[in-house]
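Heads up: the structure comes next, in structure tokens.
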Amino acid sequence: MAQRLIVIGGDAAGMSAASQARRRRGRDDLEIVVFERGHFTSYSACGIPYWISGLVPGPEHLIARTPEVFRTKFDIDVRMRHEVTAIDLERREVTARDLDNGDEVSERFDELMYATGATPTKPPWAQTDIAGVFGMQTLDDGAALRDWLDAEPQPRRAVVVGGGYIGVEMAEAMIQRGLSVTLVEQAAQPMSTVDEDMAELVAEAMRGLGITIRSGLPVTGLDQRDGRVSAVVTAEGPIPTDVVVLGLGVRPNVGLAEAAGLPLGPTGAIRVDRRMRVPGFPGVWAAGDCVETLHRVSGMPVYIPLGTHANKQGRVAGVNIGGGYATFTGVIGTAVTKVCELEVGRTGLRERDASAAGFDFVSVIAESTNRAGYYPGARPMTVKLIAERPSGRLLGAQIVGWSEAAKRIDTLAVALWNGMTVDDMTALDLGYAPPYAPVWDPVLIAARKAVDALAALDR
Ligand SMILES: Cc1cc2nc3c(=O)[nH]c(=O)nc-3n(C[C@H](O)[C@H](O)[C@H](O)COP(=O)(O)OP(=O)(O)OC[C@H]3O[C@@H](n4cnc5c(N)ncnc54)[C@H](O)[C@@H]3O)c2cc1C
Numbered sequence: 249m250a251q252r253l254i255v256i257g258g259d260a261a262g263m264s265a266a267s268q269a270r271r272r273r274g275r276d277d278l279e280i281v282v283f284e285r286g287h288f289t290s291y292s293a294c295g296i297p298y299w300i301s302g303l304v305p306g307p308e309h310l311i312a313r314t315p316e317v318f319r320t321k322f323d324i325d326v327r328m329r330h331e332v333t334a335i336d337l338e339r340r341e342v343t344a345r346d347l348d349n350g351d352e353v354s355e356r357f358d359e360l361m362y363a364t365g366a367t368p369t370k371p372p373w374a375q376t377d378i379a380g381v382f383g384m385q386t387l388d389d390g391a392a393l394r395d396w397l398d399a400e401p402q403p404r405r406a407v408v409v410g411g412g413y414i415g416v417e418m419a420e421a422m423i424q425r426g427l428s429v430t431l432v433e434q435a436a437q438p439m440s441t442v443d444e445d446m447a448e449l450v451a452e453a454m455r456g457l458g459i460t461i462r463s464g465l466p467v468t469g470l471d472q473r474d475g476r477v478s479a480v481v482t483a484e485g486p487i488p489t490d491v492v493v494l495g496l497g498v499r500p501n502v503g504l505a506e507a508a509g510l511p512l513g514p515t516g517a518i519r520v521d522r523r524m525r526v527p528g529f530p531g532v533w534a535a536g537d538c539v540e541t542l543h544r545v546s547g548m549p550v551y552i553p554l555g556t557h558a559n560k561q562g563r564v565a566g567v568n569i570g571g572g573y574a575t576f577t578g579v580i581g582t583a584v585t586k587v588c589e590l591e592v593g594r595t596g597l598r599e600r601d602a603s604a605a606g607f608d609f610v611s612v613i614a615e616s617t618n619r620a621g622y623y624p625g626a627r628p629m630t631v632k633l634i635a636e637r638p639s640g641r642l643l644g645a646q647i648v649g650w651s652e653a654a655k656r657i658d659t660l661a662v663a664l665w666n667g668m669t670v671d672d673m674t675a676l677d678l679g680y681a682p683p684y685a686p687v688w689d690p691v692l693i694a695a696r697k698a699v700d701a702l703a704a705l706d707r
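To convert, note that position 249 of the sequence shown is 497 in my numbering; the numbers rise steadily by one, no gaps.
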């Protein structure tokens with residue numbers, strides 16, 4: 249009899265695992281059943297801001313593979329609008345509810361892939377029926393916001409609450425749609441994924457685009473008129489608005505796992521080993537936004553919910569379920585985003601992470617340009633490096649600048665992944681031609697500056 253794999257969650261991690269397992273094991277050997285409570289499989293949540301702004305014409309462009317493709321081409325039994333409500337690890341069975349007709353089904357499994365993603369953070373004031381308030385996690389959320397923005401009376405003012413990368417991308421989307429936008433952030437600055445000095449450059453650019461930033465300001469409530477949101481309430485008074493977008497971060501969606509007795513780590517996400525197995529539970533796998541992973545620089549478990557990790561981890565689980573061998577060996581915190589034309593990249597530890605992890609370090613900031621200064625379109629680029637003292641090992645890097653800034657972080661991510669010192673980096677053979685870089689690439693200038701800073705301290 250064929251074994252059976254049950255997958256909970258039909259997006260990045262779940263469907264990567266299912267399709268990898270199918271590539272290695274045919275239907276006679278492994279039945280695969282996927283339960284997905286939403287309306288879509290394998291979609292790019294990452295593309296939602298660009299659909300909201302109008303850059304991407306429709307949600308269909310964000311869907312990599314439909315349920316029908318999985319059914320017909322991969323022989324995977326995809327059950328849409330089915331929410332798994334319980335896992336019985338002893339009986340090796342899951343229970344799921346059909347959200348359209350309320351029916352319940354139970355299915356046995358030999359292998360279980362847990363890929364339920366994350367849940368958006370919603371403080372009590374945001375748990376409301378007031379119309380015009382949107383979380384931004386799924387394509388359904390994106391569709392609801394698009395409908396609101398397109399309907400009459402058309403919103404003219406938007407408030408984005410939360411200045412993480414999703415909040416910043418949504419603020420950009422709203423500005424591009426012609427709304428007047430205020431971003432409210434409880435912390436001292438938006439974009440706390442980079443150090444404050446670098447975040448200030450982002451804030452400055454956002455203000456330059458016409459986005460009003462209200463930082464250090466917690467939101468305490470919402471006002472409404474006739475059931476529609478009319479203002480965001482803060483300690484400094486109400487901020488009138490016609491639409492509110494929440495970007496307050498996410499936490500791992502682990503309710504079912506916890507109830508079934510699966511182990512959570514210190515971050516509150518599911519613990520897994522390098523092969524994406526849940527330790528102590530043979531045949532149980534987990535991946536994506538519901539798991540924690542190892543930070544390769546600090547050596548600590550971290551929760552960094554990103555699509556790039558979800559896809560890789562899902563693939564690793566699927567290869568292993570399929571009888572192959574693959575590992576996911578941790579992350580270094582590389583991430584990129586943009587706000588209109590300003591690009592932001594980061595990798596490794598910020599100053600506060602390096603301090604928390606007990607490193608002695610120096611940090612330097614190098615100002616340069618993305619192209620040769622005389623070449624048309626040359627614009628500023630700021631590179632920050634954090635290097636261990638006295639070894640000079642790179643611990644972290646951040647870049648803020650105009651075109652060609654964000655993906656330069658990949659050079660630094662590779663250096664960091666391979667344990668390079670800033671001294672080694674000064675000799676890197678990076679490409680140079682005036683349209684792409686100054687003769688000394690901004691990365692090399694920053695590395696030289698870090699070497700000088702280390703030398704000055706050790707003199
Ligand atoms: C607006 C936005 C922009 C983003 N931009 C980027 C980016 O630029 N780069 C990047 O790397 N990442 C980005 N991300 C993050 C990325 O989308 C996620 O990390 C990725 O989708 C995680 O994949 P996942 O499969 O673990 O979880 P999800 O994509 O959340 O999928 C989990 C699935 O499980 C389903 N599910 C949950 N519980 C159940 C249940 N009990 N029964 C059945 N089904 C269930 C859900 O409906 C969902 O479809 C962005 C996210 C958002 C929201």
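For glycine and all other residues, C-beta sits at the position ideal for the given N, C-alpha and C.
Just grab the DSSP bridge partners of residue i for me.
{"i": "W299", "result": "None, per the DSSP bridge assignment."}
{"i": "F283", "result": "I256 and R327"}
{"i": "R345", "result": "E331 and E352"}
{"i": "D336", "result": "E341"}
{"i": "S267", "result": "Per DSSP, none; premise fails for S267."}
{"i": "M629", "result": "S616 and G649"}
{"i": "I518", "result": "L512 and V539"}
{"i": "D471", "result": "A479"}
{"i": "A392", "result": "A392 pairs with nothing; no bridge assigned."}
{"i": "G593", "result": "V584 and I647"}
{"i": "V610", "result": "A635"}
{"i": "F382", "result": "V493"}
{"i": "Y291", "result": "I311"}
Less than 8 Å between C-beta atoms, sequence neighbours within five positions excluded: which residues of the same chain meet that for residue i?
{"i": "A451", "result": "Q437, P438, M439, I461 and S463"}
{"i": "A483", "result": "L465, P466 and T468"}
{"i": "V714", "result": "Outside the modelled stretch of the chain, which goes from 249 to 707, sits residue 714, for which no answer is possible."}
{"i": "R319", "result": "D325 and V326"}
Would you mind reading off the limits of the alpha helix (DSSP H) that contains residue i?
{"i": "V670", "result": "V670 to M673"}
{"i": "R563", "result": "G555 to I569"}
{"i": "V699", "result": "P690 to D706"}
{"i": "S603", "result": "E599 to A604"}
{"i": "T217", "result": "Given that the chain is displayed from residue 249 to residue 707, the structure contains no residue 217 and the question cannot be resolved."}
{"i": "P315", "result": "P315 to F322"}
I need the boundaries of the beta strand (DSSP E) containing residue i, first residue and last residue.
{"i": "A453", "result": "Per DSSP, A453 belongs to no beta strand (DSSP E); it is in the alpha helix (DSSP H), E444 to G456."}
{"i": "A250", "result": "Segment: none, A250 is in no beta strand (DSSP E) and carries neither H nor E."}
{"i": "M361", "result": "E359 to Y362"}
{"i": "G649", "result": "L642 to G649"}
{"i": "A507", "result": "Run containing A507: none in the beta strand (DSSP E); it sits in the alpha helix (DSSP H), G503 to A508."}
{"i": "W533", "result": "V532 to A534"}
{"i": "V416", "result": "Per DSSP, V416 belongs to no beta strand (DSSP E); it is in the alpha helix (DSSP H), Y413 to Q424."}
{"i": "V493", "result": "V491 to L494"}
{"i": "G485", "result": "G485 to P488"}
{"i": "E308", "result": "It is not in any beta strand (DSSP E) - E308 carries neither H nor E in the DSSP assignment."}
{"i": "L431", "result": "S428 to E433"}
{"i": "I461", "result": "T460 to S463"}
{"i": "P438", "result": "Careful: P438 lies outside any beta strand (DSSP E) and carries neither H nor E."}
{"i": "G368", "result": "The sequence as given places Pro at residue 368; Gly does not occur at that position. A366 to P368 is the span of the beta strand (DSSP E), which, as asked, contains P368."}
{"i": "R499", "result": "V498 to P500"}
{"i": "R523", "result": "Careful: R523 lies outside any beta strand (DSSP E) and carries neither H nor E."}
Within a Cβ cutoff of 7 Å, which residues of the same chain sit near residue i, ignoring the five residues on either side of it in sequence?
{"i": "P307", "result": "W299, L387, G390 and A391"}
{"i": "F609", "result": "A602, I634, A635, E636, R637 and L643"}
{"i": "G578", "result": "T541, L542, H543 and R544"}
{"i": "G621", "result": "P686"}
{"i": "A453", "result": "V587 and L590"}
Confirm the yes/no value for this check: CB of residue i, any heavy atom of ligand 2, distance under 7 Å.
{"i": "I256", "result": "Ligands in the displayed structure: ligand 1; ligand 2 is not one of them."}
Under 6 Å Cβ to Cβ from residue i, same chain only, skipping five residues before and after it: list those, please.
{"i": "L337", "result": "A508"}
{"i": "V429", "result": "A406, A419, M422, I423 and I459"}
{"i": "S478", "result": "D471 and Q472"}
{"i": "R627", "result": "N618 and W650"}
Counting only beta-carbon separations shorter than 8 Å, does residue i have a partner in chain D?
{"i": "F382", "result": "Chain labels in this structure do not include chain D; a single protein chain is all it has."}
**Asked** Would you say the stretch 579-587 touches the stretch 647-659, given that touching needs at least three Cβ pairs under 8 Å?
**Response** yes
**Prompt:** Does the count of Cβ pairs from the stretch 404-416 and the stretch 315-334 closer than 8 Å reach three?
**Reply:** no
**Item:** Stretch-stretch touch, CB-based, cutoff 8 Å, three pairs: the stretch 353-372 with the stretch 251-270
**Value:** yes
**Asked** Can at least three beta-carbon pairs, one atom from the stretch 689-703 and one from the stretch 618-638, be found at a separation below 8 Å?
**Response** Because the criterion of three Cβ pairs below 8 Å is met, the stretch 689-703 and the stretch 618-638 touch.
**Prompt:** Using 8 Å as the Cβ pair cut-off and three pairs as the minimum, do the stretch 489-503 and the stretch 365-372 touch?
**Reply:** yes
**Message:** Would the stretch 470-482 count as touching the stretch 369-386 if we require 3 or more Cβ pairs under 8 Å?
**Reply:** The answer is yes - the stretch 369-386 touches the stretch 470-482, with three or more Cβ pairs under 8 Å.
**Prompt:** Is there contact here, the stretch 250-266 with the stretch 562-569, by at least three beta-carbon pairs under 8 Å?
**Reply:** yes
**Asked** Counting pairs of beta carbons, one from the stretch 409-421 and one from the stretch 485-496, are three or more of them closer than 8 Å?
**Response** yes
**Asked** Contact between the stretch 311-326 and the stretch 281-291: three or more CB pairs below 8 Å?
**Response** yes
**Three-pair Cβ contact test at 8 Å for the stretch 256-263 versus the stretch 284-294** = yes
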